[in-house]
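Asks:
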Amino acid sequence: MSSSLLHTPLYDAHVTAGARMVDFGGWEMPIHYGSQIDEHRAVRKQVGMFDVSHMCVVDVSGPDAKTFLQSVLSNDVDQLKHSIQALYSCMLNPEGGIIDDLIVYYQSDEQWRLVVNAACASKDLAWLNRVAQHMQVTVQIEPRRDLAILAVQGPQAQNALSAVRPTWQGALQELTAFRAQVIDDVFVACTGYTGEAGYEIILLADEVATLWHDLLAYGVKPCGLGARDTLRLEAGMNLYGQDMNDLTLPSQAGLSWSVSLKNIERQFIGRQALEQWPVLGKLVGLQLLERGVMRAHMSVLTAHGKGEITSGTMSPTLGYSIAFARLPDAVALGDQVQVDIRGKQVLARVCKRLFVRHGQAVINP
Numbered sequence: 008m009s010s011s012l013l014h015t016p017l018y019d020a021h022v023t024a025g026a027r028m029v030d031f032g033g034w035e036m037p038i039h040y041g042s043q044i045d046e047h048r049a050v051r052k053q054v055g056m057f058d059v060s061h062m063c064v065v066d067v068s069g070p071d072a073k074t075f076l077q078s079v080l081s082n083d084v085d086q087l088k089h090s091i092q093a094l095y096s097c098m099l100n101p102e103g104g105i106i107d108d109l110i111v112y113y114q115s116d117e118q119w120r121l122v123v124n125a126a127c128a129s130k131d132l133a134w135l136n137r138v139a140q141h142m143q144v145t146v147q148i149e150p151r152r153d154l155a156i157l158a159v160q161g162p163q164a165q166n167a168l169s170a171v172r173p174t175w176q177g178a179l180q181e182l183t184a185f186r187a188q189v190i191d192d193v194f195v196a197c198t199g200y201t202g203e204a205g206y207e208i209i210l211l212a213d214e215v216a217t218l219w220h221d222l223l224a225y226g227v228k229p230c231g232l233g234a235r236d237t238l239r240l241e242a243g244m245n246l247y248g249q250d251m252n253d254l255t256l257p258s259q260a261g262l263s264w265s266v267s268l269k270n271i272e273r274q275f276i277g278r279q280a281l282e283q284w285p286v287l288g289k290l291v292g293l294q295l296l297e298r299g300v301m302r303a304h305m306s307v308l309t310a311h312g313k314g315e316i317t318s319g320t321m322s323p324t325l326g327y328s329i330a331f332a333r334l335p336d337a338v339a340l341g342d343q344v345q346v347d348i349r350g351k352q353v354l355a356r357v358c359k360r361l362f363v364r365h366g367q368a369v370i371n372p
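As numbered in this note's numbering, the sequence shown has no gaps in its residue numbers, which increase by one up to the final residue, 372.
#1: Looking at C-alpha atoms only, which residue of Asp250, Arg172 and Leu334 is the closest neighbour of Arg356?
#2: Between Leu157 and Thr217, what straight-line distance do the alpha-carbon atoms span, to the nearest angstrom?
#3: So, Val146 versus Val64, is the Cβ gap smaller than 8 Å?
#4: When you compare only the Cα positions, how much space is there between Gln294 and Ser328?
#5: How about Ala72 and Asp116: do their beta carbons lie closer than 8 Å?
#6: The ligand MN heavy atoms versus the CB of Leu256: any closer than 7 Å?
#7: Look at Gly231 and Pro70 and say whether their C-beta atoms are less than 8 Å apart.
#8: Below 8 Å, how does it come out for the stretch 22-36 and the stretch 125-137: are there three or more Cβ pairs, yes or no?
#9: Out of curiosity, what's the CA-to-CA distance linking Phe75 and Ser169?
#10: Just to confirm the assignment, what range does the beta strand (DSSP E) spanning Trp119 have?
#11: Would you mind stating whether Gln160 and Val300 have Cβ atoms separated by less than 8 Å?
#12: With a CB to CB cut of under 6 Å and the five nearest residues on each side skipped, what residues in its chain are close to Gln163?
#13: At the level of alpha carbons, what is the spacing between Ala2 and Glu207?
#14: Quick check: the stretch 306-317 against the stretch 334-349, are there 3 or more CB pairs under 8 Å?
#15: Name the residue from Asp19, Leu154, Lys228 and Leu109 whose alpha carbon lies nearest to the alpha carbon of Gly41.
#16: Run through DSSP, which three-state label would Arg273 get?
#17: Quick one, which of His21, Ile44, Gln259 and Arg298 has its alpha-carbon nearest Leu281's?
#18: Please name the residue, chosen from Thr237, Asp45, Ser78 and Lys269, that lies closest to His141 on a Cα-to-Cα basis.
#19: Could you check if Leu87 is buried or exposed, using at least 16 other CB atoms within 10 Å of its CB as the buried criterion?
#20: Mind checking Ala337: buried by the 16 CB within 10 Å criterion, or exposed?
#21: Give the DSSP-derived three-state secondary structure of Arg356 in the structure shown.
#22: Where Leu296 and Leu254 are concerned, what is the direct C-alpha to C-alpha distance, given to the nearest angstrom?
#23: Decide if Glu46 is buried, meaning its Cβ has at least 16 other Cβ atoms within 10 Å, or exposed.
#24: Kindly indicate the opening and closing residues of the alpha helix (DSSP H) around Ile208.
#25: Is it true that the CB of Leu325 sits closer than 8 Å to the CB of Val266?
#26: Bridge partners of His460, per DSSP?
#27: Quick one: what's got a C-beta closer than 7 Å to Val286's C-beta in the same chain, skipping five residues either side?
#28: Exposed or buried, Glu272, counting other C-beta atoms within 10 Å across all chains shown (16 or more means buried)?
#29: Using the beta-carbon count (16 or more within 10 Å), is Ala167 buried or exposed?
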C-alpha cells in the first residue's frame, strides 16, 4: 500500500483488528474485517460501527452564513428552525450538476456545520470559499483533521452507546431522526447511511480511539466499506462519484426531493439551469429475476432504449441482486428489462430504489 495514502486516527485500530485495508479516494480504509456479510447482518439485526473520519467537517460562521447557504445549497435551510437540526442537500454548479451531496446542521443563524464527502473535500472547500468571497461569512480553507467521525448503526445502537457512555443515555433517548446534540463536548447526530437507526458522532481525533475500544469491548462489530456499500444500496442511498457527479442533475439522480423551488426569490446556484433543462433519464431500482450479480456500468436494454447500472450488488438481506440504474424517462415501475451480464441478457424488474428498511424487505415496486 502506498505510503502517500492518508490515514484516519483509527488506522492502527483497524490494523490490530485484522482489517483488509484498501485505497479509497486517497485514504487507506478498511474494506472488511473478515466477513463483509457478517458485518452487514450485524448492522441490520444488532449494531455495528464504521470509521468515517475520512469525511470532511466544514464549519460555516458569520452574519451572512444563512444567506450564504441559501445561495449555495439546493435545499432550503430556512426549514431549519431549531438547534441542532439537520438537512440533506445537494450543492450545485451553475449548470445544475451536483458538486457534492451533504448534510447541513443548523446551530444558529450564524453557526452551521456541513459534512461533505471525502473525495470532494478539496473541491468543495475551494468552491465554498469562492462563493463566500464577498460575504460576511467564514469557511475554513483546509479540511479539519483535528476531528474524527464514528458511525454507530443498527437497532441496538442506542443501547450500546448508553452502556459505554452512561451520561449520554438521557440525551440519546431524546434524539430523533435528523436531530443532533452536543453531549459532553461531543457532537452526536441521529443520522446515518445504512437504513437503520443509529448515530454519527463527531469528536476530537485524539479521543475517538477510546470510544472505539469501549464499543469494541462491549461487543459492537467493526464494519468496513464493503458492508457500508451494501447497506446503503439496500436502503436506496446514492454514492457520490458512482450514482452521480458534477455532470448529473438532481432529477437524474433521484434527488429532486432535495431541491426546494418554493421560494421564488431564493436564486440558489444552479436553479436557473434546473428550471430550463428537461429531464434526461431517471434513476430507478432493479431486482434481478435470474441468477447473477449486477454491477456498475452494465448495460440495460429497455423497450424505450438503453440505460446503464450505476451501482449493483448481491443483497445480503434479500438474497438476490439489486441495483440502481439510469434509464429512459418512459420506463415505468414494474417493467421488465434485460441486463447485460458478461454478454448474457438477464431479466430484471424495475422498482423503487428502497429495498430494505429497518431490517425488513420493502414491497417493491
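From the three backbone atoms N, C-alpha and C, an ideal C-beta is built for every residue, glycine too.
Replies: By the coordinates alone:
#1: Leu334
#2: 11 Å
#3: Against a cut-off of 8 Å, the Cβ pair of Val64 and Val146 comes out as no contact.
#4: Distance between the alpha carbons of Gln294 and Ser328 is about 6 Å.
#5: yes
#6: The model depicted lacks the ligand MN and carries no ligand whatsoever.
#7: no
#8: The stretch 22-36 and the stretch 125-137 touch, with no fewer than 3 CB-CB distances between them shorter than 8 Å.
#9: If you take the alpha carbons of Phe75 and Ser169, they lie about 37 Å apart.
#10: Gln118 to Val123
#11: No.
#12: Gln53 and Val54
#13: For residue 2 there is no data in the structure shown, the boundaries of the chain being 8 and 372.
#14: yes
#15: Among Asp19, Leu154, Lys228 and Leu109, the Cα nearest to that of Gly41 belongs to Lys228.
#16: coil
#17: Gln259
#18: Ser78
#19: buried
#20: Ala337 comes out exposed.
#21: strand
#22: Between Leu296 and Leu254, the C-alpha separation is close to 31 Å.
#23: buried
#24: DSSP places Ile208 outside any alpha helix (DSSP H); the residue lies instead in the beta strand (DSSP E), whose first and last residues are Gly205 to Leu211.
#25: no
#26: Residue 460 falls outside the range modelled here, since the chain spans only 8 to 372, and no answer is possible.
#27: Result list for Val286: Ser258 and Asp336, in chain order.
#28: exposed
#29: buried
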